[in-house]
Structure formats: C-alpha cells, structure tokens
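This report refers to the structure that appears directly beneath it.
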Amino acid sequence: MAAKINIIDPPSSASSDSDIGETNADFSEVFPDIEAEEEKSGDFYHTPASPITVPYCPRPPSTGSQKSPRSRRQRTTSLNQQTTKPVTDSIIRTQHRTIYTAGRPPWYNSVGQKVEPFVIGICGGSASGKTTVAEKIIESLGVPWVTLLSMDSFYKVLNEKQHNIADRNEYNFDHPDAFDFDLLITTLQRLKEGRKVEVPIYNFLTHARESKTKTMYGANVIIFEGILTFHNSKVNEMLDMKIFVDADPDVRLARRLRRDISQRGRDLDGVLKQYTSMVQPSFNHYILPLMSHADIIVPRGGENEVAIQLIVQHVQTQLQLRGLKLREELAQAYTVNKQFKMPRPDTVRLLPTTPQIRGLHTFIRNKDTPRDEFIFYSKRLIRLVIEYTLSLMSFVDRTIETPQGLHYHGKKMATSKLCGVSILRAGETMEQAVCDVCKDIRIGKILIQTNLQTGEPELYYLRLPKDIKDYKVILMDATVATGAAAMMAIRVLLDHDVLESNILIVSLLMAESGVQSIAYAFPEVQIVTTAIDPEINDKFYVLPGIGNFGDRYFGTEPSSENEL
Amino acid sequence: MGSQDHETSNGFEFCKNYKGLHVLKLHDQIKELQTILRDKNTSRSDFKFYADRLIRLVIEDSLNQLPFTNCDVITPTGATYDGLKYKSGNCGVSIVRSGEAMEQGLRDCCRSIRIGKILVESDLDTHEAKVVYARFPEDISQRHVLLMYPIMSTGNTVSKAVNVLKEHGVKEECIVLSNLFCTPQAVQTVLDLYPKMKISTSEVHPVAPNHFGQKYFGTD
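Here the protein sequences come in this chain order: A and B.
Letter by letter, the first sequence follows residues 1 to 564 in full-length UniProt numbering.
Letter by letter, the second sequence follows residues 1 to 220 in full-length UniProt numbering.
In structure tokens:
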C-alpha cells in the first residue's frame, strides 16, 4: 500500500474501544489461541497502535509509587492540555492509559536496518514521582511511539515461606534481591533491538507471575523506570540517558501514607513499620547511592518543569540525529542505483507474462474500467499470483497408490506451516485468494498508512498468529511503489522472529525501485509479482501503474481522481 | 511404469511432435495437485477442492490459446499501458458428465461466456462412442470453442465431440481442448485425426486417473 495517501481519522483509529471489540470478534475465529479475554477487558498492549505499552499491574502496598493508575491519568490530562502542542488531538484517554493514535513511524533505515531507540532510565525512591516524570517526558516529546517498561514487572516469584513473610509486611520489596535482573536484562535488550517481548505480569496477591504475559514492542523511545534502575551495570550500559528523580523524604513518606491508607485501606502502624524497617533503609543503602550514576538529577519530581523541558530538548536533538526520511531516501537510493544499471535481484519472481496476464492487466490498469470488472479481473490476477507463489515453496517427493493400483511418484509441499499476512487495506483484497487455495490458512493483518505530512509510512495496527516465527509467511500487498510499507511489514515480521528466508512478499504490481530497495534491504525475502513497472511519480504512484488499487477496489476514490 | 523423469519427458516429447499440444508448465505445485488427485486415500472434499484448483489453472492457461489484439489503455495516473484485449466470440463446450466439473472454473474466469454441452455415451455392446445429445449457442460456427473434458484415456470421446463441433461448422483451428490428464495414445488419436486443433493439459501420463468423474461427483 505504498501508493496510498489516505489517512484514517483519529476517532476511527485502531485504538478506539469499539474498534477493538470488532476486531476481537473477527479474530476469535481465526486465532482461537489468542486470549480473547484479554481483549475484552479493553487492554490493547499487544496492538502496537497503543504506543505506551505499560503493563497494568496492581502494585503491592509495599512498593514504589502507588497512586491508582486512574487518578494519575486524570491528573496528567489536565497537565497535558497546558504543556503539549499539536499532539493532543491524536491522543485518546481511556480509564487505564493514554493511547496515542498516531502510527509508528519507521524504526529502521533505508537498508532495513534498525535504528537504535533512545533508552531513558528513570530511577528514584518510592513515591518520588518517577512515573509522573516519565509521563511528562512522553507528552512533551510528542513522539508517537514510546514504550514504557516498569521494573515492577520483574519482581521475583516468591516461595511459600517468602509469601507468608510478605503477608506480614516483612518481605523487603525494596531490596535488589527482590528483582529478576536476568529476565530484565534480556527483555530490555530485545526491546532495544526493536523486537517483540513478552513482559511478565506480576500478581502481587499471589506473588507469582501470571500465566499470561503482556506483549510489548520496541519503539523510538523506551523509558525504563523503577526504584533500582541503575543497580545493574549491564542495564546501565543500555541506557542512553539516566535520570534520577529526587524528592524530599518527608514528601515521599507523606505520599506513601496517603496512598496506602486512603486508597489501600491499610493501617497507619503497618505502613510506618514497613517504611522504617525496610523502605527507608533500602532507600538509603541501595537507591540513594545510585544517584552517582545519573546524568541528570531532577529534584521535586514531576513538578520540576524546567528539568523536564531540558530533558525533552536533549532527547529531541538525539532523535533528530538518528531520524529518518525513509521514503525520500528510498527514492534517491534508486536514482543512484539506476545510474549503475543494477541487475534485477535474483530473489524476484516475476510471473511469466502470458497473453492472459497482459489481458488482465489491461482491464485493471484502464482508468475507465468499471468497479465490478476491476474487482473481477483483479481477483483473477490475484488467484494466479497466489498459485504461482505456492509453486515457489519447497517440495518433497511423495509416492502414493492410485485407485488403479499403481504407484505414482508425486510431490508434497515440504511445510504445512503456511500463513498469510495482508498489509491493509489493499493487501486485504488478496486474502480471499489465499484462503481459496490453502485450506484453513491463518491470516494476519498489518495496517500501515502514509502520514500525509511527512510522506512516511506509519504502523497502526498489527495482528499476527501467535507462533508466526515457525511459519512461512506470504505477505500480501496489492501494489508496491517505493517499497516503504512493504519494508515496514517485513521489518515487523522479522521483529517477530520470522526467518527472513521464510518471507515472500506478493503483489500484483511493483515499481522497479521498490523491488530494488526490498531486495537490497532484505536479500533473502522472495519477491513475487505479476508486473514490474519502471517508474514512480512524485506522489509515489507507480507508472504506468493502476492508480490507487485500494480505492478502486473498495470504491473510496476521491470524487476528482486528478487530485490524487 | 517408468521413473518420474521419464514420464515427464514423455509429455515434452509429445509437445515436440504435436504442435497442437500444450502442457501446463510443470512445477512442483502442480505436481502436488496431481499427486493429491491420484492418491486413492484422498477424501472427497479434498479431491474436489484440489481438482477445482487444478481446473482453474488449466482454464487460465487454455485462455492463452484464444485470439487477442493489442490495446493501449490510459491508467489512472495518466500514463499509457500497452496492453491487449481478447477478441469476443468465444464459447465453452463441456462434455457431459466430467467436463461439467470444469464449467465453474470457466465461469470464474469469464463471467458471461456461453456454454454448450455434448453428451457422448459408449455403446454397451460395441464400446463405440456415440453422441446422444448436443446443444450449442446458435452462432457456434463463428466462435472459438473451449472444449472441456478433464480425463482423456483413449481419445474416442473427444474425437466424437470434435466431430460434432465440426459438423456444426466450427473450424478445426478454433477448437481448444481443456484437459487435466491425458494419455499419450489419446493425444495421438485426437491430434492425428484433427491436426489443427489445440490441446491444453496439465499432464501427459500413460495412466489416466479414470476415477475422476466418479469421485468428483461422488457417485463411486
């Protein structure tokens, strides 16, 4: 869908409640193994369209900041309106979290390599305002795609004895030993590589990890917050910026008392006992010394607007240095390549151009073709390209017995693990054909739209079969122009641990430059198409092309075609 | 039965000898479909599913044999695409019963194409094929005919059908047979009799899966 310039309206974006309900209904059949319950509860961590992937876990009375997520969000709402600029209209607020409906811009460069995200570590004592600082940074940054990882997710699972101790308020949750640093390091490392991670959900009643996990994705900015963020040297190495949030001990105690007593229904003695016997000593012994690792110390926590603005400015500068203009770069890369007459890469599989194929192209390329004919003939062409794609799979010999009693030496597809992934919207038109030729095939979806202002593709929505890493993936998009959307989709698949050689990108029409870019960035991805056109115009449409395939197929073209 | 390579080369040998024979470009995917259709352990639903897939491929391929002219069109981007256009005036003719299995495949490619039918039955005593029923579009003599018959083992039935078409004034060179499996003898019989017609098939193999019609329609 590289050729699309439509952009969805914020209210109808993938993150709205009603939409999630619908998709849940759609997908419960296709992916019975995905926890439907999780979706119904209104949690959309696994959809990358919600850029803040904060694991929602009830905090224990004995740890850090304990404001209920609800009250906290309400407070940031009012602050947000004062501090942030145009981002506001792309933010939806739900009961539990803030959702930025803007899509995820490219997190890799024009050769498909990932650009390192900026990782911010926030450390500070319990109730010092770490989360507030994190949220304010996110809001002021205006970066649509941020992942917020909390150290609370990495508490160790307690055995029965420890569990009893915890019940008596005598387990020290503020001690470094309470955390599973190994898991934390692997998770942070993977996030930093832009990969998908499964973050444990810690249940503070059972002191065990729940069987479900939260899926989080890498992002342009990752914020990691917790009381002992700087305790481990390996973690410190991964942090690009270390912030220590400092608050007056009296203020912190006061916040803790208010929170624990009024919101958690605990008694004054219990809270004070825990504070003086564990929270305070741990703070002095473990947390406070970590201040020496910090790049910036923020006194007075979230109220310190000046400090936050300074941090934001620094991060923005850093992001600009790493920033990307992907589509432009792709187009330019091609002009350079063209001068050197790059041979067509050998991963490109072009359908033999029979009269039949040309005849079908004639119908769908003609601007005067009515929609019913357009749909009919593109479906035929899609069927052919899908059949052709299947023939590219690897096969093994198989001998069978015929009803005539003779043996027949035949073939069988080597893998039964085949799944389709369509790039919305135009790629969806190809789903039916895949279902028609492969019984019971699983279909994943990726929504990528072009940002009208930047001209860059952005990732909005993603649903993939759970064990997609074991599959051969047929990635479908009707047209590939610059290849920007296709590359983003391939990058997403790779981030889900799909093998590069297991991906086939299938489309009806590609531009030479898109083919080159994809093949150059992902040399093992097979590229299947029915025609390759030589050029792209300045609107990123293929020439001679077929126009906006999705619009023509679904009948959503603007009244004046020339305005495209 | 010879090795697989031998069988395959059989098909290509025939291609050389008979200009009218066109075998679908063999790749493993088509081989898999053929394997499933020939396997006696294939369930009926699978059989029908994979038969329909192979039929669709054969039909799409047969359409390549029909006449076309060049045709330039303007694309929505304002550029010109140097395309082509199929001539109108084609029709399908299916040989009852198994040929009817291919009608849907043709309909899926050409929505409003006219389809005629021929019923050929073999005489129980003489084993001679006889045309019992034939119904064609009125102006069939002016048209190109896509004759549909999936399994051809002797070629007698098809020969009779072609004969009937010729009697109705269809030119021999305007007949294309769409076929899934045929034997070398059948190709020989038909193309020796009617050298100008064309055959489009997916496999030339000494043994034809004669159970096709029974299994497809579930009358076995």
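Ideal Cβ positions, reconstructed from N, Cα and C, are used throughout, including at glycine.
message: Could you check whether L191 (chain A) and L149 (chain A) sit closer than 8 Å to each other, using their CB atoms as the reference points?
response: yes
query: Terminal residues of the continuous alpha helix (DSSP H) containing L57 (chain B)?
result: 44-63
query: Where does the unbroken beta strand (DSSP E) through M278 (chain A) begin, and where does it stop?
result: It is not in any beta strand (DSSP E) - M278 (chain A) carries neither H nor E in the DSSP assignment.
query: By DSSP, does K171 (chain B) sit in helix, in strand, or in coil?
result: coil
field: Beta-carbon proximity check, Y216 (chain B) vs F47 (chain B), cutoff 8 Å
entry: yes
Counted within 10 angstroms of its Cβ, other Cβ atoms place E237 (chain A) as buried (16 or more) or exposed: exposed
CB contact below 8 Å: S159 (chain B) versus chain A: No, S159 (chain B) lies away from the interface with chain A (no Cβ there is under 8 Å from its Cβ).
- prompt: Taking three-plus beta-carbon pairs below 8 Å as touching, is the region 24-41 of chain B in contact with the region 496-515 of chain A?
  reply: Flag = no, the region 24-41 of chain B and the region 496-515 of chain A do not touch.
message: Tell me the rounded alpha-carbon separation between A484 (chain A) and P457 (chain A).
response: Taking the CA atoms as reference points, A484 (chain A) sits about 7 Å from P457 (chain A).
message: Quick check on this structure: which residue in A:L239, A:A219, A:A426, A:K367 has the alpha carbon closest to the alpha carbon of P76 (chain B)?
response: A:K367
task: State the Cα-Cα distance for the pair H314 (chain A) and N304 (chain A), rounded to the nearest angstrom.
output: 16 Å
- request: Check distances from the C-beta atoms of the region 540-553 of chain A to those of chain B and list, in chain order, the residues that come in under 8 Å.
  value: Y541, V542, L543, P544, G545, I546, G547, N548, R552
query: Among A:D470, A:L462, A:T450, A:P403, which residue has its Cα nearest to the Cα of S416 (chain A)?
result: The shortest Cα separation from S416 (chain A) among A:D470, A:L462, A:T450, A:P403 belongs to A:D470.
- request: Using a cut-off of 7 Å between C-beta atoms, extract the partners of V73 (chain B) located in chain A.
  value: Going along chain A in sequence order, the residues near V73 (chain B) (Cβ under 7 Å) are T362, R365, N366.
field: Runs of alpha helix (DSSP H) wholly within the region 141-208 of chain A (minimum 4 residues, chain order)
entry: Every unbroken stretch of the alpha helix (DSSP H) spanning 4 or more residues and falling wholly within the region 141-208 of chain A is given here in chain order: 160-167, 181-192.
- request: Report the rounded CA-to-CA distance for A102 (chain A) versus I527 (chain A), giving the unit in angstroms.
  value: With a pLDDT of 48 at A102 (chain A), under the threshold of 50, the predicted position of this residue should be treated as unreliable, and no value is reported.
message: When you compare the CB of P465 (chain A) with every CB in chain B, is at least one pair closer than 8 Å?
response: no
query: In three-state DSSP terms, what is P292 (chain A)?
result: Before going on, a small fix: residue 292 (chain A) reads as Ser here, not Pro. Of the three classes helix, strand and coil, the one that applies to S292 (chain A) here is helix, per DSSP.
Amino acids of chain B, ordered along the chain, whose beta-carbon sits closer than 8 Å to that of Q526 (chain A): Ordered by position in chain B, no residue passes the 8 Å Cβ test against Q526 (chain A), which lies about 14 Å from the chain.
- prompt: Can you list, in chain order, the residues of its chain whose CB lies under 6 Å from that of G155 (chain B), leaving out five sequence neighbours each side?
  reply: A186, T189, V190
message: Under 8 Å: do the region 354-372 of chain A and the region 82-96 of chain B share three or more Cβ pairs, one atom per stretch?
response: yes
query: Looking at H163 (chain A) and H207 (chain A), is the spacing between their C-beta atoms short of 8 Å?
result: yes
message: Let's see if you can read the secondary structure: which residues bound the alpha helix (DSSP H) around F374 (chain A)?
response: 371-391
Buried or exposed by the 16-neighbour rule on C-beta atoms within 10 Å, applied to D467 (chain A): exposed
query: Cα-Cα, which of A:Y155, A:G124, A:F522 is closest to P249 (chain A)?
result: A:G124
query: Around the Cβ of C57 (chain A), are there at least 16 other Cβ atoms within 10 angstroms (buried) or fewer (exposed)?
result: Residue confidence is low: C57 (chain A) scores 38 on pLDDT, short of 50, so the model does not pin down where it sits. No coordinate-derived value is stated.
- request: Consult DSSP for I441 (chain A) and reduce its assignment to one of helix, strand or coil.
  value: coil
field: Own chain residues within Cβ distance below 6 Å of L239 (chain A), not counting five before or after
entry: V119, G121
field: Coarse secondary structure for D72 (chain B), derived from DSSP in three states
entry: strand
Any beta strand (DSSP E) of 3 or more consecutive residues that is wholly inside the region 457-523 of chain A: 457-463, 472-476, 503-511
message: Rounded to the nearest angstrom, what separates E135 (chain A) and M241 (chain A) at their Cα positions?
response: 16 Å
field: Residue(s) in a DSSP beta bridge with S416 (chain A)
entry: Answer is none; S416 (chain A) lacks a bridge partner.
- request: Quick one: residues in its chain with C-beta nearer than 7 Å to the C-beta of K472 (chain A), no 5 flanking neighbours on either side, listed in chain order?
  value: M393, T415, K417, L418, N502
message: Using the three-state DSSP reduction, which class does L33 (chain B) fall into: helix, strand or coil?
response: helix
query: Roughly how many whole angstroms lie between the Cα atoms of R371 (chain A) and R322 (chain A)?
result: 44 Å
- prompt: Buried or exposed: where does Y133 (chain B) fall if 16 or more other Cβ atoms within 10 Å of its Cβ makes it buried?
  reply: exposed
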